[in-house]
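The first sequence begins at 52 in my numbering and counts up one residue at a time.
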Amino acid sequence: MVKSKSFITDNERVLAHPYIHDCIVYDIETDGLDVDTANCKFFGAYSYKYQKYYIMHQDEKEQIQKIMGEHRIHVGFNNKWFDGPILENHNNNIDLTYKIVFDCLAVLYDMERHRPNRESLIEFNGKTLAEQLDNRKLKTIAEVLGFPVSKGDIDYRIFKQDSWTPGELNEIYKYLFLDVDITRRLFEFYLTYFDNFREYVDDDNIKKLNYIRSSAGSFSYSAFCHMAKLPFEFEDDPLKKLVKPENHGGFVLAPQVKYAEGTMVYFDFSSLYPFIYFQCNLFSHGSNGDTDWNGDNFFDVKGNYKTDKRGKVESLLRDIYYKRAAYKKVKDPRQLALKIMMNSLYGISGSPIFKSLFDPLTPGDCTSIGRKHISYAKEVFEDHGIKVIYGDTDSCFIQLPEGMSVADAQLIADQIVKDLQSHMPFPDEGFKFKVDEVFHKLWLFGKKNYAGFDDHQQLTVKGLPIIKGDASLLGQLIFKQLKPLMLSRQDIKFDRHFIETIIDAEIHKDLTLVGRVYNVRKPGDYKSVSSLHCQIAQHFGEGLHLLIPNKTLGAVGRSKKYATVDECKSLTVSDLILDKTWNELEPFIK
DNA sequence: TTAGGGGATAACTG
DNA sequence: GAACAGTTATCCCCTAA
């Protein structure tokens with residue numbers, strides 16, 4: 052059976068969107084970067100209303116105002132913080148009030164809160180965008196998504212001029228058109244990728260394209276309110292917003308060994324928190340002390356929950372789980388929205404702003420029940436002579452003893468589930484404690500820090516400094532070089548001398564490799580003015596900065612100095628401070 | 001001068 | 001416009017020896 056949807060091309064789907072004709076994609080070229088004083092020299096746009104491209108000059112402000120005024124939704128790249136404010140400043144005086152700002156950059160990453168948004172949700176060619184993007188420039192994003200991208204950049208000094216030769220104008224128009232076109236493609240990618248999210252929210256959300264722009268938590272809240280017919284409202288009371296429910300979170304078992312080989316099985320309670328919610332009815336507080344569930348003298352919970360009937364939110368959550376499981380099985384992309392709803396409900400229930408789903412007892416009881424799950428599993432495994440060598444929240448690594456098979460361990464896991472469910476008011480047959488992966492080598496460096504090789508000879512690295520976004524460029528480069536060797540040897544450890552040689556060769560080629568990218572907030576956002584990040588913000592402004600730790604040069608730093616790429620030119624190898632890089636590589640040294 | 005604790009910060013795991 | 005807790009590493013600041 053061919054699904055009817057497969058006859059719709061992406062572009063048709065974009066054009067079928069109920070509010071597409073309210074959208075305009077635009078980009079501007081300016082004579083400076085200061086949003087308060089920059090002049091808009093050229094304006095380029097694509098209107099879905101008229102299905103036409105436009106290019107306008109700075110003298111055509113009235114036309115710019117007219118075309119922008121005719122569209123309710125303004126799509127751009129970084130237009131929330133750059134293009135929009137510049138058009139509105141006193142030099143340009145374009146009125147953009149009451150418009151919906153659709154910022155293609157903000158869809159991926161929330162610059163204000165320094166938090167990834169949809170970049171960790173969007174999968175493309177088997178990996179998330181967060182994993183594939185080295186930076187968040189429009190061009191980089193376009194390249195990853197396979198859009199045609201022009202080579203090289205225009206010389207921005209051209210926008211300081213006030214008159215241009217026909218040849219220069221031709222170059223500017225071409226450049227502007229391409230930027231608008233890439234932004235348009237990115238916008239259409241989002242519209243297509245998140246199209247099925249519309250199914251779960253109300254029309255107001257769709258009108259504002261909130262189902263694409265908002266955080267995962269906010270989308271889920273909208274969806275739950277809409278589907279469970281709860282009032283869609285937020286907590287306004289500033290005092291109530293600060294309420295912190297008592298919640299001890301997940302249990303993390305410290306690694307019991309530093310290294311293990313043989314058969315290490317990673318067991319995992321699938322969708323632990325969602326299942327706890329609907330198996331224990333945690334959104335439905337009871338008032339009848341006799342029939343209410345209070346942990347059955349097995350789980351440690353503070354609330355009393357109804358046992359006569361599963362609640363509205365719990366039933367909805369259960370439906371979402373099974374619908375998502377069915378979609379996932381046939382690789383239907385509609386699984387994503389449901390997965391997000393499922394996984395963020397716990398977070399929503401612990402956040403007072405999400406008024407209709409917030410509960411002071413529910414999240415703490417959920418994590419308490421969760422901790423009991425993993426501690427009980429550990430107990431039972433150990434009763435069977437199986438060592439539990441590490442665990443985190445909903446999962447654990449066990450080391451199989453001689454003569455025991457993975458299937459034997461699975462039987463024990465099945466019994467663990469039965470035991471746990473015998474104390475729940477609404478046990479559900481879909482709840483599983485199952486094998487997620489089998490490892491044959493495992494290095495446990497600490498809580499949330501480990502590496503290992505699985506049955507498919509693949510390398511897993513969790514939490515180590517080297518995989519973090521603020522790792523030194525040098526560390527990242529060397530790790531990239533070592534990875535194929537690790538895979539072929541099925542070992543992560545190397546001689547110190549070997550790594551020393553590579554480090555030496557690389558830093559002599561390029562000193563700036565020792566640098567790290569610092570992602571800093573506005574200077575005023577810091578509690579501690581003396582902190583390194585605040586110093587960087589004060590000197591270089593908000594955003595991303597590549598700085599090179601060294602002994603002598605640079606305006607920021609105390610025990611260490613931090614030089615810019617320019618300053619770095621007068622440094623020598625002996626000035627550099629390599630301790631961060633060494634620390635990143637330490638786990639890979641014998 | 002050094003060692004080490006405490007606080008702030010970023011970025012991760014689940 | 002708005003998700004949660006637990007954990008690591010890094011760096012600054014301060015105090016004790």
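No residue lacks a Cβ here, since even glycine has one placed at the ideal position from N, Cα and C.
As the structure is a computational prediction, the values presented were derived from the model and not from experiment.
Given residue i as reference, the closest of the options once Cα atoms are compared
| i | options | result |
| --- | --- | --- |
| GLU80 | SER266, ASP185, ASP204, ILE192 | ASP204 |
| LYS150 | ASP213, MET119, GLY177 | MET119 |
| ASP383 | GLY481, ASP521, LEU462, TYR244 | TYR244 |
| GLY401 | SER456, VAL489, VAL294 | VAL294 |
| LEU471 | ASP443, GLU430, GLY442 | GLU430 |
| SER539 | GLN386, GLN508, SER214 | GLN508 |
| ILE371 | THR563, ASP443, LYS112, PRO325 | PRO325 |
| GLU593 | SER582, GLY605, PRO600, ARG572 | ARG572 |
| PRO600 | VAL439, LEU629, ALA388 | LEU629 |
| LYS406 | LYS292, LYS353, LEU595, ASN570 | LYS292 |
| THR358 | VAL364, PHE350, SER265, ASP343 | ASP343 |
| ASN62 | ALA388, GLN102, PHE93 | GLN102 |
| LYS360 | ASN339, PHE409, ASP434, PHE302 | ASN339 |
| PHE591 | ASN570, LEU533, PRO452 | ASN570 |
| ILE115 | VAL76, LEU583, LYS188 | VAL76 |
| LYS202 | GLU219, TYR397, LEU229 | LEU229 |
| ILE553 | SER610, GLN527, LYS353, VAL439 | GLN527 |
| TYR397 | HIS277, ILE529, TYR328 | TYR328 |
| HIS299 | ASP434, ASP351, MET278 | ASP351 |
| TRP132 | PRO217, GLU163, PRO535, ILE440 | GLU163 |
| PHE94 | TYR105, ASP87, VAL86 | TYR105 |
Residues near residue i by beta carbon distance below 7 angstroms, same chain, minus five either side
| i | result |
| --- | --- |
| ASP185 | THR191 |
| CYS91 | ILE79, THR81, GLN109, ILE137, LEU138, ASN143 |
| ILE640 | LYS544, PHE545, ARG547, ILE550 |
| ARG123 | ASP73, LYS150, ILE151 |
| VAL512 | ALA502, ILE518 |
| ASP319 | ASP445, SER446, LYS485, ASP487 |
| CYS619 | LEU562, THR563, ILE599 |
| ALA388 | ASN247, PHE248, TYR251 |
| GLY421 | GLY301, LEU323, TYR324, ILE327, THR444, ASP445 |
Cβ-Cβ separation, residue j to residue i (assumed contact under 8 angstroms), whole Å
| i | j | result |
| --- | --- | --- |
| SER273 | ASN256 | 5 angstroms |
| PHE128 | THR234 | 5 angstroms |
| TYR356 | PRO476 | 7 angstroms |
| ALA96 | VAL200 | The pair is not a contact, with the Cβ atoms about 20 angstroms apart (cut-off 8 angstroms). |
| ASP443 | LEU323 | Their Cβ separation, rounded to whole angstroms, is 11 angstroms, which puts ASP443 and LEU323 out of contact at 8 angstroms. |
| PHE448 | TYR441 | 5 angstroms |
Counterpart residues of residue i in DSSP-defined beta bridges
| i | result |
| --- | --- |
| PRO77 | Here residue 77 is Tyr; the residue named in the question, Pro, does not match the sequence. ALA96, per the DSSP bridge assignment. |
| VAL512 | ALA502 |
| GLN450 | MET315, LYS438 |
| GLY127 | ASP154 |
| TRP494 | TYR310, ALA502 |
| ILE599 | ALA614 |
| THR687 | Residue 687 lies beyond the range of the chain shown here (52 to 641); nothing can be said about it. |
Classification of residue i by the beta-carbon crowding that lies within 10 angstroms, buried from 16 upward
| i | result |
| --- | --- |
| LYS54 | Per-residue confidence for LYS54 stands at a pLDDT of 37, beneath the threshold of 50, marking its modelled position as unreliable; no derived number is given. |
| ASP347 | exposed |
| SER621 | exposed |
| VAL457 | exposed |
| ALA67 | exposed |
| ALA464 | buried |
| THR632 | buried |
| HIS141 | exposed |
| SER57 | Low per-residue confidence applies at SER57: pLDDT is 39, beneath 50, and the placement is therefore not dependable enough to give any value. |
| GLN642 | Examination of residue 642 is not possible in this model, given that the chain is present from 52 through 641 alone. |
| MET52 | Unreliable positioning characterises MET52 in this predicted model, as indicated by a pLDDT of 36, which lies under 50. The coordinate reading is nonetheless provided below. It is exposed - the Cβ of MET52 has fewer than 16 other Cβ atoms within 10 Å. |
| GLY218 | exposed |
Neighbourhood of residue i by C-beta distance below 6 angstroms, restricted to the same chain and skipping five residues each side
| i | result |
| --- | --- |
| LEU493 | ALA311, MET315, GLY503 |
| SER395 | ALA267, GLY268, SER271 |
| GLU297 | GLY415 |
| TYR99 | ILE71, HIS72, CYS74 |
| PHE349 | HIS474 |
| ASN130 | ASP154 |
| ALA428 | ILE467 |
Residue i: CB within 7 angstroms of a non-hydrogen atom of the ligand MN
| i | result |
| --- | --- |
| LEU636 | No copy of the ligand MN appears in this structure; indeed no ligand is present at all. |
Close beta carbons around residue i, own chain, < 8 angstroms, minus the five adjacent residues each side
| i | result |
| --- | --- |
| VAL624 | ILE558, HIS559, LEU562 |
| TYR373 | GLY481 |
| ASP555 | none |
| ASN332 | TRP344, TYR356, LYS357, THR358, ARG361, GLY362, GLU365, PRO476, PHE477 |
| GLU637 | none |
| ILE587 | TYR569, VAL571, HIS596, LEU598, VAL607, TYR613 |
| ARG236 | ALA193, LEU196, PHE198 |
| MET455 | ILE437 |
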